Each structure stands twice: as structure tokens, then as C-alpha cells.
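Quick note, the sequences are listed as chains A and B, same order.
My numbering puts the first residue of the first sequence at 1, with every later residue one more than the last.
My numbering puts the first residue of the second sequence at 1, with every later residue one more than the last.
Glycine residues also receive a C-beta, built at the ideal position from the N, C-alpha and C atoms.
Small disclaimer: the values here were computed from a predicted structure and weren't measured.
2 protein chains.
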Amino acid sequence: MQRYFLNQNADEDQRFFITDKEDIHHITNVMRHQIGDKIIITFENLKVYTCVITSIDDTEIEVELEEAQSNDTELPVEVTICSGLIKADKYEWLLQKSTELGASHFIAVQMDRSVVKLNQSKVDKKMVRWNKIVKEAAEQSYRLVIPTIEFVSNLKGVYVNIDKYDYVLVAYEDVAKEGEMSEFKRALKQFGKGDRVLIIFGPEGGLSPEEVELFKNNGYIVGLGHRILRAETAPLYALSAISYEKELMG
Amino acid sequence: MQRYFLNQNADEDQRFFITDKEDIHHITNVMRHQIGDKIIITFENLKVYTCVITSIDDTEIEVELEEAQSNDTELPVEVTICSGLIKADKYEWLLQKSTELGASHFIAVQMDRSVVKLNQSKVDKKMVRWNKIVKEAAEQSYRLVIPTIEFVSNLKGVYVNIDKYDYVLVAYEDVAKEGEMSEFKRALKQFGKGDRVLIIFGPEGGLSPEEVELFKNNGYIVGLGHRILRAETAPLYALSAISYEKELMG
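Okay, structure coming up:
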């Protein structure tokens, strides 16, 4: 059954109206749903219900709550993927795949070695598309929340907010080349439920020594295995490992 | 320094000739290398050397071994990613990313629910491109071996060869939905150095019950976390987790 997000709180006594233009288009024109059809709605209070469509018109679709669904598809830790600006197509699939793998927030940063240069106005245009990609990936992967995306013009702008996080990790290729193979797992083992984790990844050219130096005293400088991962691949490794360590038993 | 593969064994008393047209083009036209420049060559016997270019012409480039490099970038287990045929662009990046993450072999299978249909002759055309993608990804991620790719026209054709593997895992969305969260880690903990591991992933529509049934008695039917991963994402999760479990300490 197709899933949609509704930024209201579920309440079993209520009916709800879907007014988002794209959702209405998707329900009526893409899925060709009729009155009486069922969809799944994820509400702002993280409740998930199968709902019956009770009326359809151009501006709103009315649904009635039917059955509560129990599924917690969120990672036990709240992961922020902070990465350097990279080529558009690569960043778009980093967003899509990292959303599938459970990231909660994204920070796109104009880093020292970012070949791609964006200013705020260019970013504003991209944000519309970025948020659409993340919303659709969240729906497809049954996420309960849609990840947020922000742009910061340099890594110092991220550093000033590190008190918001319980753990800060910096994925640094150079320490991996030197054989650093224990810090990442050492950090993950300590993560507790609900902890906020910031993980920083460089652009294609990698992080500059100055950027790494910023976090040297407040973060774990980690290597992610023996191979050189591209800028868009490293976040997927980190998120997969967090799920493996924290979600899987055995 | 740029890396190239040479299908000869390194021998410190020897000079070597690069005769692969694409490598010659890359060295002379893309990298614009001159006599005296250095490149890194990975030899068939898994030895890696920095080499000096001693002569360049249209048909061959002569290099002289300079310094042995020590780097083991291969996963401790030999992983075969067996996946259903999926849309071309998605399968191509599955190949690229899985190579970065350490896969040794790929088997593309025409599965029950594969929307994409290919016959051997169509596959032969694609193989050229697929092998190029895998070779370039292996060079960029400093792999010591180039993964192999084969096509099998249905999953029974894979089943008849399972004796080749020490472990067989089947990533099955339906058991994940039912909350299966321990088999994958239970299997990984048992992997020993050099073990051959086959991991089977469905196409966009997932594996059919009949396909899963095939491996029920010989394999681990595993879930990969709480989120629904796309066909092209699940292999990256598995490979990242294997690296995390087997390569990282702490």
C-alpha cells in the first residue's frame, strides 16, 4: 500500500484531509485511487494508520483512520550526515540512499576542497528538489520522519553547533590510509538510544587538514575499512554499520 | 598516484609493458603522463608497486618497478553479490558501489519478478560496459582484484552451484517485515578468513516465495534492518556490515 506523510497528529476520532498538491496528484493521477481505496498515512506524532479514502476532489482528499500499524523504522540513534558539496547527481543519490538507511538530518557544506560552489540563492533552488528526493525516499523506505536538509557555507558553521550532538565523528581518508581501524567501532559501541550523532564526510577531494583539526578535540577521527570510498559512498557505510551494530541481534 | 591493473605477476628483475588500449589512452591522453612519471600498478599476484614510465608509444608503455606498496584492501571474506536484474542505471551503480565496498564476484540473474528482461546476446553487449565500470571502481578504491561478473538466466542456475560457497545468505524483505533481525549477524559472526559467501538479493519486486524456498535448507534467510531497502541499496548494507564486523577493531 502506498505511503504518505501528513503533518498532523493522528487521533482516532478524526477524519483527515490531504491538501498537499503533490500528494493529491500522486493519489489521484499516479496511483489512480478511488473512494474506498486504502492508503497508509504516517502522522507527525509518528503514528501510522491504514486509511480509507472517503472523498476526492482537486483541492483535498478526505480519509478516515482504519487500522493502526506498528512499525518502528527509525534508527535508534539520530544521525546527521554532514558532507561536503559534491556533484549534483552524486549528492542527490547520497540523499536518497542515506534516507533509506535511516539518516535523520543532512547538512550540505561548502568545504575547502569542494569543487562544486554554491551560494545561498543557488542552494534555495536545489532545496526544493533535495527535499522532494528525501520525502519520496522516506515514503518508500517506510520511514516515520522525513529527514531535514540544511546548507552551511563552511565547516566552522557546523563546528559552532557541535554541543547539539552527543557524538561527533569525522570520516577521514588519511587516517584510514594509515590503518586507523578501531575508532569507528569504539564510538558506535557507546551510542545509546536517542543519542544525537554527527558524522562529517569530505567532498571528492576529501577534508582539508584544517577542517579535521577543527574537530580533533571534540570528535572521533575514524577510518571506514580498508578501501578508499567515494564521497557519496562513505555515508552509506556508516549508516549501514550503525544499523548492523544497533538494530540487529545475534 | 593513478592506479592500473596488469594481468602479469610482479617480478623485481623485470620491466613491464602496458598494452591495454584503454590504459594507454588514460595514461597518455587523460593523465598526460610523460617518461619519468610514476604510476601505481597492481599485478595479478596481488603485488602493488609504484612504477616509473620509461617509454611511451601508441601500442605500449614500458614501466620499471620502483617501490613495493603494502596494502591489503580486500575484504577478509570473498563475497559474491547475486542480484536480480534491475533497471540499467541502478544495476550499474550497484556494481560500482559494491566494488568500492569489497565485493569479489557479481551474478546478475533473470529472476521471477525482474521487470527487466535480458537474453544472453543482450547481456553480452552489457558485459563490456559492466566490466569497465567494475574495473574503474576497483582502481579508484585501491582494490587488489577486479571483481568478476556473470549472467545466469534463472536462480536455479545459481542454486546448482551453492556447494562452491561456505555460506549462503538470502536477503528477504518479507522476513524483515516480520521482524527477523538476528540471522544476518549470526551468520557474519561465523565467517572465517577466506570463506566464500554468496548473498542473494531480489529485483525491484523482490524475490518470489519459490526462489526463497530453493535456499531454505541451505542458507540463512536474513533481514537487513528495520527499513525497506531498494534492490540496489541492500547489497551496500550487507558489504558495509561485513567490513564493519570483520575489518574494524574495537
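Considering Cα atoms alone, identify which of the options is closest to residue i.
i, options, result
"Ser104(B)", "Val77(B), Val116(B), Gly202(B) and Val128(B)", "Val77(B)"
"Lys156(B)", "Met111(B), Ala88(B) and Ile81(B)", "Met111(B)"
"Val134(A)", "Leu101(A), Lys164(A) and Val197(A)", "Leu101(A)"
"Asn218(B)", "Ile162(B), Lys21(B), Trp93(B) and Gly205(B)", "Ile162(B)"
"Gln69(B)", "Met1(B), Thr80(B), Lys132(B) and Met31(B)", "Met1(B)"
"Ile107(A)", "Lys21(A), Val152(A), Cys51(A) and Lys246(A)", "Val152(A)"
"Ile200(B)", "Val158(B), Gly194(B) and Tyr142(B)", "Val158(B)"
"Ile81(A)", "Ser98(A), Asp72(A) and Trp93(A)", "Ser98(A)"
"Arg186(A)", "Gly250(B), Tyr167(B), Tyr142(B) and Val212(B)", "Gly250(B)"
"Thr73(A)", "Lys246(B), Leu229(B) and Glu247(B)", "Leu229(B)"
"Tyr220(B)", "Met181(B), Pro203(B) and Gly206(B)", "Met181(B)"
"Ala10(A)", "Lys246(A), Glu213(A) and Leu46(A)", "Leu46(A)"
"Thr19(B)", "Ile56(B), Asn119(B) and Glu136(B)", "Ile56(B)"
"Lys132(B)", "Leu236(B), Pro203(B), Glu22(B) and Val168(B)", "Glu22(B)"
"Glu213(A)", "Gly194(A), His25(A) and Leu169(A)", "Leu169(A)"
"Gly205(B)", "Ala231(B), Phe215(B) and Glu211(B)", "Ala231(B)"
"Lys117(A)", "Glu67(A), Pro203(A), Asp58(A) and Glu247(A)", "Pro203(A)"
"Asp58(A)", "Ile24(A), Arg32(A) and Lys90(A)", "Ile24(A)"
"Ile27(B)", "Ala137(B), Lys90(B) and Val52(B)", "Val52(B)"
"Pro235(B)", "Lys90(B), Val48(B), Asn7(B) and Glu136(B)", "Lys90(B)"
"Gln8(A)", "Val48(A), His33(A) and Arg32(A)", "Val48(A)"
"Ala137(A)", "Leu94(A), Asn119(A) and His33(A)", "Leu94(A)"
Can you tell me whether residue i is buried or exposed, with buried defined as 16 or more other CB within 10 angstroms of its CB?
i, result
"Thr233(A)", "buried"
"Glu253(A)", "This structure does not reach residue 253(A), given that chain A is present from 1 up to 250, and the question cannot be answered."
"Val79(B)", "buried"
"Val115(A)", "exposed"
"Ser121(A)", "exposed"
"Val30(A)", "exposed"
"Glu44(B)", "exposed"
"Arg143(A)", "buried"
"Gly194(A)", "exposed"
"Glu210(B)", "exposed"
"Gln96(B)", "buried"
"Val160(A)", "exposed"
Which bits of chain A does residue i rub up against, with CB to CB less than 7 Å?
i, result
"Arg32(B)", "Here the premise fails: no neighbours, minimum Cβ distance about 19 Å."
"Phe184(B)", "Leu248"
Assuming residue i and residue j make a contact with CB atoms under 8 Å, what is their CB distance in whole Å?
i, j, result
"Arg3(B)", "Thr54(B)", "With a Cβ gap of about 18 Å, Arg3(B) and Thr54(B) do not count as contacting."
"Val197(A)", "Tyr244(A)", "With a Cβ gap of about 15 Å, Val197(A) and Tyr244(A) do not count as contacting."
"Ala171(A)", "Ala241(A)", "Going by Cβ atoms, the distance from Ala171(A) to Ala241(A) rounds to 11 Å, so no, they are not a contact pair."
"Phe5(B)", "Glu92(B)", "Contact doesn't hold; Cβ gap of about 20 Å is too wide."
"Lys246(B)", "Leu75(B)", "7 Å"
"Ser208(A)", "Arg113(A)", "6 Å"
"Val109(A)", "Asn154(A)", "7 Å"
Kindly list, in the order they appear in chain B, the residues whose Cβ is closer than 9 Å to that of residue i.
i, result
"His226(A)", "Asn71, Asp72, Thr73, Glu74, Leu75, Gly102, Tyr142, Ser243 and Glu247"
"Ile181(A)", "It should be pointed out that residue 181(A) corresponds to Met in this sequence rather than to Ile. By Cβ distance, chain B contributes Glu247, Leu248, Met249 and Gly250."
What residues from chain B crowd round residue i, counting only those whose CB sits closer than 7 Å?
i, result
"Ser240(A)", "Leu236, Tyr237, Ser240 and Ala241"
Using a C-beta to C-beta distance shorter than 8 Å, which residues of chain B count as neighbours of residue i?
i, result
"Thr233(A)", "Lys97, Glu100, Leu101 and Leu236"
"Lys189(A)", "Gly250"
"Leu229(A)", "Glu100, Leu101 and Ser141"
What residues from chain A crowd round residue i, counting only those whose CB sits closer than 8 Å?
i, result
"Leu169(B)", "Under the 8 Å cutoff, chain A gives no residues; its nearest Cβ is about 13 Å from Leu169(B)."
Indicate, with yes or no, if the ligand PLP has a heavy atom lying under 8 Å from the CB of residue i.
i, result
"Tyr91(A)", "In terms of ligand content, the structure shown is empty, and the ligand PLP therefore cannot be addressed."
Note to self: Measuring CB atoms only, is the region 145-152 of chain B touching the region 175-190 of chain B, in the sense that at least three cross pairs come out at less than 8 Å?
What the structure shows: no
Next item on the list: Please determine if the region 165-182 of chain A and the region 222-233 of chain A are in contact, where contact requires at least 3 C-beta pairs separated by less than 8 Å.
Entry: The answer is yes - the region 222-233 of chain A touches the region 165-182 of chain A, with three or more Cβ pairs under 8 Å.
Margin query: Taking contact to mean 3 or more Cβ pairs, one atom from each stretch, closer than 8 Å, check whether the region 59-72 of chain B and the region 7-15 of chain B are in contact.
Written below: yes
Check: Should the region 77-87 of chain B be called in touch with the region 29-45 of chain B, which here means at least 3 C-beta pairs below 8 Å?
Finding: Too few Cβ pairs lie closer than 8 Å, so no.
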